[in-house]
Amino acid sequence: MAINLNGKSILVTGGTGSFGKEFVKTVLNKFPEVKRLVIYSRDELKQFEMSQLYSDRDYEAIRYFIGDIRDGERFKRACEGIDIIVHAAALKQVPAAEYNPMECIKTNVFGAENVINAALDCGVKKVVALSTDKAAAPINLYGATKLCSDKLFVAANNMKGKRDVTFSVVRYGNVIGSRGSVVPFFLNKRAQGILPITHPEMTRFNISLQEGVDLVLYALENAWGGEIFVPKIPSYKITDVAEAIGPGCEQLIVGIRPGEKLHEEMITETDSLNTIELEKYYVICPSTPLWSINEFNTAFNGKAVPIGFKYNSGTNNQWMTVEDLREQIRLHVDPNFSVETIIES
Numbered sequence: 006m007a008i009n010l011n012g013k014s015i016l017v018t019g020g021t022g023s024f025g026k027e028f029v030k031t032v033l034n035k036f037p038e039v040k041r042l043v044i045y046s047r048d049e050l051k052q053f054e055m056s057q058l059y060s061d062r063d064y065e066a067i068r069y070f071i072g073d074i075r076d077g078e079r080f081k082r083a084c085e086g087i088d089i090i091v092h093a094a095a096l097k098q099v100p101a102a103e104y105n106p107m108e109c110i111k112t113n114v115f116g117a118e119n120v121i122n123a124a125l126d127c128g129v130k131k132v133v134a135l136s137t138d139k140a141a142a143p144i145n146l147y148g149a150t151k152l153c154s155d156k157l158f159v160a161a162n163n164m165k166g167k168r169d170v171t172f173s174v175v176r177y178g179n180v181i182g183s184r185g186s187v188v189p190f191f192l193n194k195r196a197q198g199i200l201p202i203t204h205p206e207m208t209r210f211n212i213s214l215q216e217g218v219d220l221v222l223y224a225l226e227n228a229w230g231g232e233i234f235v236p237k238i239p240s241y242k243i244t245d246v247a248e249a250i251g252p253g254c255e256q257l258i259v260g261i262r263p264g265e266k267l268h269e270e271m272i273t274e275t276d277s278l279n280t281i282e283l284e285k286y287y288v289i290c291p292s293t294p295l296w297s298i299n300e301f302n303t304a305f306n307g308k309a310v311p312i313g314f315k316y317n318s319g320t321n322n323q324w325m326t327v328e329d330l331r332e333q334i335r336l337h338v339d340p341n342f343s344v345e346t347i348i349e350s
């Protein structure tokens, strides 16, 4: 891994979430001389629970800051002396966002503005914001707020003046086993013998938490400012997830929820005009020129994607099998996962 975070002060918003905990674990393991690692979140219970794993007594760099990303003044105070911000805080549940739209906007859009302003005012050097596949051609409010957030972070590179700071975005799909996702939901439901399926043709992208962390580290090392980094990752069918977790369970079709897509997209056909392909990633370059795309291509041995290209979970060329999914569940969710008891019953 080329990037070196030793001696750096890093702040993670939403630091007690699934990504935040994996990021903190990775940084502490790989960069033992990190200067300061600030976990910024609003839930004191989650901070307490996380402090049992990563105590400031055992890890000198660790700091726990209680604060809401909506509170610009509090966040600015937390950013004093910070070199790098990784922005993972968001309201992410699609149905909740549809029912509570202004709450989602306050966190995901106004919160992004607070991150940008604090970075500009406090001398931060690098900012990487986490996005979602739902931000590409959004049809739900959550996706729309994250698209707006992406646009804000890209545009922030035009607002920095002579400040030595870059803003970039990473966009990826569903994290296997993350809170509120389909895998833990099905694991809890399978004992009932019925697994609710929204639509038999539904597909999603899949990524592990560690792959998400690696993508952020890649962006921190390589971003020129204004890029949206998209990983090349496999898709899965929702019916295959059900088969992997509960073979023999009834798959009950319950219908697509408000704001859901049949397939997710991470790069739209319009995005293809500014997208380049690298070995492991795609990069959506800023449409307002900040630097030469040709020079970027040369530096990273990239190539432009064909006009009309789109990156869709339903037309992806990488697919996870049922056994692939079971192995991923054992690796990333439950090492004792087994379908034997379900098959026997």
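The opening residue of the sequence shown carries number 6 in this note's numbering; numbering runs sequentially from there. Ideal placement from N, C-alpha and C gives every residue a C-beta, glycine not left out. Every value quoted in this text rests on a predicted model; they were computed, and no experiment measured them.
For V218, the three-state secondary structure derived from DSSP is helix. Partner residues in a beta bridge of H204, as assigned by DSSP, do not exist. With contacts defined as CB atoms closer than 7 Å, F36 and A93 fail to qualify as a contacting pair.
Within the same chain, A117, E118, I121 come within 7 Å of L157 by CB-CB distance, once the 5 residues on both sides are set aside. Put simply, the region 326–334 does not touch the region 277–294. Fewer than three CB pairs are less than 8 Å apart. Distance check between V129 and each of L58, N299, K167, K266 places K167 closest, using alpha-carbon atoms only.
Sixteen is the threshold: since fewer than 16 other Cβ atoms of the shown chains lie within 10 Å of the Cβ of L257, the residue is exposed.
In terms of Cα proximity to Y104, the closest of L146, G230, N163, N113 is L146.
Comparing alpha-carbon positions, the option among S56, F53, K40 lying closest to D88 turns out to be K40.
Contact between the region 199–210 and the region 236–251 is present: three or more C-beta pairs spanning the two stretches fall below 8 Å. Considering only K266, N322, N321, the residue with the shortest C-alpha distance to A142 is K266. Per DSSP, the continuous beta strand (DSSP E) segment holding R68 begins and ends at 67–71.
Between the alpha carbons of I110 and P189 lies a distance of about 27 Å. Comparing C-alpha distances from S183 to each of I202, V159, D155, Q215 shows the shortest one belongs to Q215. Taking C-beta separations shorter than 6 Å and ignoring five residues to either side along the sequence, the partners of G86 in its chain run S14, following chain order. Here C127 has K81, C84, E85, I87 as same chain residues with Cβ atoms under 7 Å from its own Cβ, once five neighbours each way along the sequence are excluded.
Relative to the Cα of A140, the nearest Cα in the group G148, V310, I261 belongs to G148. Inside the region 28–98, DSSP marks whole beta strand (DSSP E) runs of 3 or more residues at positions 41–46, 67–71, 89–92, from first to last along the chain. For V288, there is no enclosing alpha helix (DSSP H); the residue is found in the beta strand (DSSP E) stretching over 286–289.
Under DSSP, no beta-bridge partner is assigned to R195. In this structure, DSSP gives Q323 a state outside helix and strand, which the three-state scheme calls coil. When C-alpha distances from V221 are compared across E282, K131, F53, E274, the shortest belongs to K131. The shortest C-alpha to C-alpha distance from S173 to any of L225, F53, H268, P340 is the one to L225.
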